[in-house]
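Residue numbers (the working numbering): 1 to 175. Glycine included, C-beta positions come from ideal geometry on N, C-alpha and C. Quick caveat, the model's predicted, so the values are computed rather than measured. Here is the structure we will look at.
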């Protein structure tokens, strides 16, 4: 396994990529996927000096394993305090692995309106895709052994923890 960068470096890499996208996109909006993606979107909001509030998605009802996992007791409504129709969306998540969380987030976004473009930003890209979903921006790309996962803990301080597969089950996301 490649060594994990320190959190300040991961955040700086993510911020640099999002800043470049914000300069290229017309009227972008920042949306975080609960929970870790919202923590990161809040950090990016601060670091980039944005004035428009961030959007928050709770994808619990959009997951393809909802019937197997049941309702997460911490489900809260999503909040998109802006129009998504025709808008450039920067979608933020903590860790991407299979791509299923992102698929669920895009399904929910489209229920609010059809964005002009969705740019995916993630702190960590673990690369073990089950779906053809790739981040546009990643703080770091890593390859892990099959029995390992990385989880973002926070919000203060933000930190990444390595967990074994048996410990990772029952978490909030399948990454």
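Whether residue i touches residue j by CB criterion (8 Å)
i	j	result
residue 120	residue 136	yes
residue 90	residue 18	yes
residue 36	residue 111	no
residue 32	residue 56	yes
residue 30	residue 14	no
residue 125	residue 96	yes
residue 129	residue 86	no
For residue i, three-class secondary structure by DSSP
i	result
residue 4	coil
residue 108	helix
residue 27	coil
residue 79	strand
residue 141	strand
residue 174	For residue 174, the predicted model reports a pLDDT of 45, less than 50, meaning its position is unreliable; a value from the coordinates is still stated below. Reduced to three states, the DSSP call for residue 174 is coil.
residue 146	coil
residue 118	strand
residue 86	coil
residue 17	helix
residue 66	Confidence at residue 66 is low in this model, with a pLDDT of 48, below 50, so its placement is unreliable and no value can be given for it.
Exposure label - residue i; buried when at least 16 CB within 10 Å
i	result
residue 78	buried
residue 140	buried
residue 155	exposed
residue 146	exposed
residue 60	buried
residue 43	buried
residue 164	exposed
residue 132	exposed
residue 153	exposed
Through-space distance from residue j to residue i, alpha-carbon basis
i	j	result
residue 143	residue 21	26 Å
residue 177	residue 23	For residue 177 there is no data in the structure shown, the boundaries of the chain being 1 and 175.
residue 54	residue 148	31 Å
residue 62	residue 3	33 Å
residue 172	residue 166	For residue 172, the pLDDT reaches just 41, beneath the cut-off of 50, and the residue's location in the model is therefore unreliable, although a value from the coordinates is still provided. If I take the Cα positions, the gap works out to 14 Å.
residue 40	residue 113	24 Å
residue 5	residue 150	13 Å
Start-to-end residues for the beta strand (DSSP E) that takes in residue i
i	result
residue 159	159 to 164
residue 130	Here residue 130 belongs to no beta strand (DSSP E), and DSSP marks it neither H nor E.
residue 55	55 to 57
Extent of the continuous alpha helix (DSSP H) run through residue i
i	result
residue 40	36 to 48
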